[in-house]
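What follows is a short report on a single structure.
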Amino acid sequence: MIPEIEYHRFSRLEDALRFLSENPDSKIIAGGTDLLVQLRARKINVKKLVDIYNIGELRYISEDSGEVKIGALTTIEELKNSKIVEKYVQPLHIASRSFATWQVRNIATIGGNLCNASPAADTAPPLIVAGARLRLKSIRRERIVPIEEFFRGPGQTILNPDEVLVEVNIPKHSGQWFFNFMKLGRRVSHILSIVNVAVAVKLDGGRIEDVKIALGSVAPTPIRAKSVEEYLKNREATLENIEKSSLEVVKDIKPISDVRASAEYRIEMSKVMVKRCLREALKL
Amino acid sequence: MEKKKIIFKINGVEKTVEVEPNKTLLWLIREVLKLKGTKKACERGDCGLCTVLLNGEPVKSCLVLAVEVDGSEIVTVEGLSRDGELTPIQKAFIEHGALQCGFCTPAFVIVGHWLLNRNPNPSREEVVEALNGVLCRCTGYRPIIEAILDVAKKRK
């Protein structure tokens, strides 16, 4: 049973923002494929639900010369089917293909996945390596934050009670970039990640000019693997360097043991997944 | 708890119902509309047995609030046959013996029906991928896959 709850539905962003500013004890529902499970398990205590799912102005994927803009209520299935995402935000596209199942992708939104702030959220590592920025809006003001500053802990973000994540901005990359995303779970589909990893590598000839690596499910928030990145920068893109760099990941992660895997297993598999993800991205 | 009035279409028929906001679409289908083909099992989005079509797309009805379907169109397994005539998918499930205990069958029939509507000629891999959100614990996936492929083949 889901506990008793008040329900408020909005189809205009402005109305929802005004309601949130006057009702700080509200929780936003933006699809609800995670939220309903949490409510039923009484993991969260909510008095008022604010349903923003029907705010059509937050559902779009567009591009200009410099960036891709994704409305927060875009569903994961829409990301999967988007030519713009496939072309310009490859790791997010790969992640959307292996995200849960049809029945969930049809409802779950990118904004919901991010604001739910699961350490295992599959959209987070791809957006971190893609350098995404999040547009947060309240009735009073608007701010744009790098996605890496957004997560605070499991289920925790920097969002104020009156704020809504309205848009994800992803810069278009120029130059010779290679992207990838991989997840490890107990089965191929329909599974929460034990470890997930996204990489973005820029090559200058055979040399790694720039690199970003992010992992999920191995710390309280999705995290950058900065030790691995430091090791790889300005080195040749060889199998040997990738193998050595992947060992550095233990300095960046802080996994726990849970029902899906032990901390020890996550540590070992983080090395393997970083190596595999880089190898596949660079075809080594 | 304040009830909300919702208007929706289910299996082609318009309904107006007052629901409490903490009730799910699954509850609406089974307990208010008394359509028991849609099964209640895990109630946490894991098993897929409560799958129905919401505005033409498969969703897990345990993960949708009843109040959210205001203005929507829902199809359950009861809405597939016409005038007592089973659909090709339903006939193929019988021919292939694509069930053991039968508890997951409505969900597989719904997903199979949806898949063939959007992709009349799916590969085996596409069928497997479409079915990956529904669990069968009698390990009967093979005849289910073959039943769906058979419908596609016969239509050609």
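In order, the protein sequences belong to chains A and B. The working numbering puts the first sequence at residues 1 to 284. The working numbering puts the second sequence at residues 1001 to 1156. Built from N, CA and C at the ideal position, the CB exists for glycine as well. These numbers were taken from a predicted model, which means no experiment stands behind them.
If you reduce the DSSP assignment to three classes, tell me which class residue i lands in.
i	result
A:R187	coil
A:P146	strand
A:E209	strand
B:K1060	strand
A:G112	helix
B:V1017	strand
A:K244	helix
A:V37	helix
A:I28	strand
A:K137	strand
A:A214	strand
B:E1095	helix
A:T75	strand
A:R59	coil
B:N1117	helix
B:R1137	coil
A:I44	coil
Look up residue i in the DSSP assignment and give the residues it is bridged to.
i	result
A:I170	A:V68
A:Y7	A:L49
A:R279	Answer is none; A:R279 lacks a bridge partner.
A:F178	A:V201
A:G153	A:Q156
B:F1008	B:K1015
B:A1130	In the DSSP output, where bridge partners are listed per residue, B:A1130 has none listed.
A:N196	A:K183, A:G216
B:R1082	B:E1085
B:T1024	B:L1065
B:V1075	B:L1053
A:R224	A:A214
Pull up the CB-CB distance for residue i and residue j, whole angstroms please, since I reckon it's below 8 Å.
i	j	result
B:I1006	B:V1052	Their Cβ separation, rounded to whole angstroms, is 15 Å, which puts B:I1006 and B:V1052 out of contact at 8 Å.
A:N169	A:K69	6 Å
A:A214	A:A198	5 Å
B:K1153	B:A1107	Actually they are not in contact, since the Cβ atoms of B:K1153 and B:A1107 sit about 23 Å apart, beyond 8 Å.
B:E1018	B:K1004	7 Å
Is residue j closer than 7 Å to residue i when the C-beta atoms are compared?
i	j	result
A:I158	A:F150	yes
A:P119	A:N196	no
A:S193	A:G216	yes
A:S270	A:I253	yes
A:L287	A:A72	In the structure as shown, chain A begins at 1 and stops at 284. Residue 287 of chain A is therefore absent and cannot be evaluated.
A:K83	A:R97	no
A:V201	A:V211	yes
B:P1120	B:V1067	no
B:C1062	B:E1085	no
A:C277	A:N160	no
B:T1076	B:L1116	no
A:I76	A:A30	no
B:G1048	B:G1133	yes
A:L49	A:I5	yes
B:P1058	B:A1098	no
A:Q156	A:A117	yes
B:V1064	B:F1008	no
Assign residue i to buried or exposed, taking buried as 16 or more other Cβ atoms, counted over all protein chains shown, within 10 Å of its Cβ.
i	result
A:Q176	exposed
B:T1016	exposed
B:T1139	exposed
A:K327	The requested residue 327 of chain A is not part of the displayed model; chain A covers only 1 to 284.
B:N1055	exposed
A:P222	buried
A:E230	exposed
A:I44	exposed
Point to revise | Cβ-based contacts, 9 Å cut-off: residues of the segment 87 to 104 of chain A near chain E | key: Of the chains in the structure shown, none is chain E; the protein chains are A and B.
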